[in-house]
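For the sequence shown, UniProt numbering gives the first residue as 1, with consecutive numbering after it. We put the beta carbon where it would ideally sit given N, CA and C, even for glycine.
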Amino acid sequence: MRGGIHWGTSQTLHSRGKASLKEVSIRRIYGLFHDYRWQLAVIVALALAGAVIGLIPPLVMKEVIDTAIPSGDKKLLLQLIAMLVLLPLASGLLGVWQNHQNTKVAQGVMRDLRRSLFANLQRQSMRFFTDAKSGEIIQRLTGDVQAVQNVVTTLVVSAVTQAVVVVTTIIILFALDWRLAVLATVILPLFILPVRKVSQLRKQLRAETQRVRGDMASQLGEIFGVSGAMLTRIFQQEPQQVKHFAEMNEKVMNLELRLNLVGRWYGMVLGVLGPLGTALIFLYGGWNVVEGVMTIGEIVAFTAYLGRLYGPVSTLLNLQVEVATALGVFQRIFEYQDLEPDVADVPHAASLPRVGGEIAYHNVSYRYGQDKYALHDVSFTALPGEAVAIVGPSGAGKSTLIGMLARVIDPTEGMVTLDGRNVKDVTLSSLRAQVAFVTQESFLFHATVGENLRFARPDATDEELMSACRKAHIHETIAAMPQGYDTMVGERGHRLSGGERQRLAIARAILKDPRILVLDEATSHLDSESESFVQAALEELMRGRTTLVIAHRLSTILSADRIIVLAAGRVVEVGRHAELLERGGLYARLYRTQFPVTLV
Numbered sequence: 001m002r003g004g005i006h007w008g009t010s011q012t013l014h015s016r017g018k019a020s021l022k023e024v025s026i027r028r029i030y031g032l033f034h035d036y037r038w039q040l041a042v043i044v045a046l047a048l049a050g051a052v053i054g055l056i057p058p059l060v061m062k063e064v065i066d067t068a069i070p071s072g073d074k075k076l077l078l079q080l081i082a083m084l085v086l087l088p089l090a091s092g093l094l095g096v097w098q099n100h101q102n103t104k105v106a107q108g109v110m111r112d113l114r115r116s117l118f119a120n121l122q123r124q125s126m127r128f129f130t131d132a133k134s135g136e137i138i139q140r141l142t143g144d145v146q147a148v149q150n151v152v153t154t155l156v157v158s159a160v161t162q163a164v165v166v167v168t169t170i171i172i173l174f175a176l177d178w179r180l181a182v183l184a185t186v187i188l189p190l191f192i193l194p195v196r197k198v199s200q201l202r203k204q205l206r207a208e209t210q211r212v213r214g215d216m217a218s219q220l221g222e223i224f225g226v227s228g229a230m231l232t233r234i235f236q237q238e239p240q241q242v243k244h245f246a247e248m249n250e251k252v253m254n255l256e257l258r259l260n261l262v263g264r265w266y267g268m269v270l271g272v273l274g275p276l277g278t279a280l281i282f283l284y285g286g287w288n289v290v291e292g293v294m295t296i297g298e299i300v301a302f303t304a305y306l307g308r309l310y311g312p313v314s315t316l317l318n319l320q321v322e323v324a325t326a327l328g329v330f331q332r333i334f335e336y337q338d339l340e341p342d343v344a345d346v347p348h349a350a351s352l353p354r355v356g357g358e359i360a361y362h363n364v365s366y367r368y369g370q371d372k373y374a375l376h377d378v379s380f381t382a383l384p385g386e387a388v389a390i391v392g393p394s395g396a397g398k399s400t401l402i403g404m405l406a407r408v409i410d411p412t413e414g415m416v417t418l419d420g421r422n423v424k425d426v427t428l429s430s431l432r433a434q435v436a437f438v439t440q441e442s443f444l445f446h447a448t449v450g451e452n453l454r455f456a457r458p459d460a461t462d463e464e465l466m467s468a469c470r471k472a473h474i475h476e477t478i479a480a481m482p483q484g485y486d487t488m489v490g491e492r493g494h495r496l497s498g499g500e501r502q503r504l505a506i507a508r509a510i511l512k513d514p515r516i517l518v519l520d521e522a523t524s525h526l527d528s529e530s531e532s533f534v535q536a537a538l539e540e541l542m543r544g545r546t547t548l549v550i551a552h553r554l555s556t557i558l559s560a561d562r563i564i565v566l567a568a569g570r571v572v573e574v575g576r577h578a579e580l581l582e583r584g585g586l587y588a589r590l591y592r593t594q595f596p597v598t599l600v
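Next comes the structure, spelled out in structure tokens:
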């Protein structure tokens, strides 16, 4: 086995929300433009005006060659030359306006797509985030959306403009000479033949490229985070990390090369077909000029129109290839857009008023999918203002149990109630507004102290921030910092000590003023001195609130009103500290392990 961690390519992600290839249709992509119908109408009108203007210069060239020059009419010649200058100018001005409108629409679509994806991700349960890689999520929200931006940006303007140009050009070609028009259009099917094969291959390559980029983003996010960077250096894994990144980087390069090569071959085929049509026109038209049936001006005008036919046809087919190439990426985007959360408000969910704080678990069991049960028939009650501790060996189901209180997950069987109301029957926002968590690794954003505190309550005043911090025994520490509450805490709060981070998290919970408090190993990683400060802050936070406490350090739960002992997902003991010690069961054995000298 090789040293270090190897990041493989992720194969599947949440099949429950996966968009099938049939769903990722051109119609659905066009559906992204639904809210921009009036802007699209303006773009179509501008495209039509530009196409009509573009039909005139070849006819002017015909008049220059067939009429103005042979007749020696200098005035007519100057007028025609002026038209050849002014018409492109008018067309160019229309093009600038059209491009501006298209950019506004395209950027609006991209904004809406990013906003929709982000909002739907915010609806997902914690199960989604524990299963998915953070780098993969970021890649889909940023990299994948960026990857389809070119298609979205050019889709409307190219499809509309080039289609209008093709139709109007074919009409005028047949009006000039139907036989030459047939020769010009007979090779058009040859343009279409390679599209399907090229589209399928490029779609597969692009999807694979984005998957690898997602894995690369996950690797970078982990190894360049403060914890990952520290771990890499402690275990001297820098060479292995460089090697793994180089392998992934090489794979991305090779995929991009293949993608480019397929596109170049397709471009070469189209580049050959255009001159073939022009050659046929010169052959047939030149023959007719020699025979005196056609004029040179007619041939020049006709060949000028060929550029307006083959160029737009190539653009339309290239656009089809680009859209097909992007289908794999659109599939990844729509997969996230279609995700349904595991935990959501039920229809007609009621708002939960401020609760008294009675928590009850009624015959609760839980398992994920077909996995074995993590919890079995758990029942207990915490009365308002009580502190109930939940202890047990690792893997006993403690974190799963408390996650149900705020509906981070839902029980497979049974129910959880607050003041007698099933938590499933109330809105998530009103439920979670009354619950605060303080965990063993309290997360802080790379922002100021004040901004991290206001994450609990954005409208909190400076005085309220300081009051919460005084109760959490952290105000003096913050005040001593050079910038006080405007001090940046660093990524994940690494500029602060563990005890300072915990007390800041406690202050954040105090600011929220919850009725229910959950402490999940809140002091497990602290030294004795830091723990004493944090314990004092916790006592302030717990006062008057119903509290559920998970703790491996049994010394932190000696004063709990009740202790629930879990083992293998089942409640095996319930009682106060002294009672459980007297029984000599699992709790007593756990306590003896931590305090081998005394059991009192």
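query: V182, buried or exposed, once every other Cβ within 10 Å from all chains shown has been counted against 16; result: exposed
query: Span of the alpha helix (DSSP H), counted from its first residue to its last, around G395; result: Element bounds for G395: n/a, residue is neither H nor E.
query: E413 - containing beta strand (DSSP E), residue span; result: E413 to L418
query: Under 7 Å between C-beta atoms of R211 and G143; result: no
query: Continuous alpha helix (DSSP H) stretch holding G95: start and end; result: K74 to R123
query: Sufficient close CB pairs (3 or more, under 8 Å) joining the region 381 to 392 to the region 535 to 550; result: yes
query: Boundaries (first-last residue) of the beta strand (DSSP E) holding R515; result: No beta strand (DSSP E) contains R515, which DSSP labels as neither H nor E.
query: Assumed close pair G50, Q98 - CB separation to whole angstroms, cut-off 8 Å; result: 7 Å
query: Rounded Cβ spacing between D513 and I550 (contact assumed at less than 8 Å); result: Contact flag wrong, Cβ pair sits at about 22 Å.
query: Euclidean distance between Cα positions of A588 and A536; result: 26 Å
query: Identified DSSP bridge partners for residue 603; result: Nothing can be reported for residue 603, as the shown portion of the chain is limited to 1 through 600.
query: Cβ-Cβ distance between R570 and H376 below 7 Å; result: yes
query: Status (buried if at least 16 other CB within 10 Å, exposed otherwise) for P58; result: buried
query: Span separating the alpha-carbon of L465 from that of R28; result: 48 Å
query: Beta-carbon proximity check, L257 vs L205, cutoff 7 Å; result: no
query: Member of D66, Y373 and E573 whose CA lies at the smallest distance from the CA of V391; result: E573
query: Boundaries of the beta strand (DSSP E) in which E573 is found, first to last residue; result: R570 to G575
query: Nearest-angstrom Cα separation, counted from K243 out to R2; result: Note that R2 has pLDDT 38, beneath the 50 cutoff, so the model's placement of it is unreliable and no number is given.
query: C-alpha distance - K75 paired with I296, whole-angstrom precision; result: 21 Å
query: Per-residue DSSP class, three states only, for H494; result: coil
query: Whole-angstrom distance between L316 and S158, CA atom to CA atom; result: 7 Å
query: Cα-Cα separation between V423 and G414, rounded to whole angstroms; result: 11 Å
query: Distance between S365 and L581 (C-alpha atoms, nearest Å); result: 27 Å
query: C-alpha gap between G403 and Q440, whole angstroms; result: 15 Å
query: Burial state of R179 (16 or more Cβ within 10 Å); result: exposed
query: Extent of the continuous alpha helix (DSSP H) to which L548 belongs; result: Taken as a continuous stretch (DSSP letters only), L548 belongs to no alpha helix (DSSP H), being part of the beta strand (DSSP E) at T546 to I550.
query: Beta-bridge partners of F437, as assigned by DSSP; result: V518
query: DSSP state of T593 mapped onto helix, strand, coil; result: helix
query: Same chain only: Cβ atoms within 6 Å of G356, ignoring 5 sequence neighbours per side; result: P384 and D419
query: Through-space distance from K197 to L261, alpha-carbon basis; result: 14 Å
query: Three or more C-beta pairs below 8 Å linking the region 465 to 483 and the region 431 to 440; result: no
query: Neighbourhood of S20 by C-beta distance below 7 Å, restricted to the same chain and skipping five residues each side; result: Residue placement at S20 is flagged as unreliable, the pLDDT there being 45, under the threshold of 50; the coordinate-derived value follows with that caveat. If we look at S20 and ignore the five residues flanking it on each side, it has no Cβ neighbours.
query: As assigned by DSSP and simplified to three states, the class of T448; result: strand
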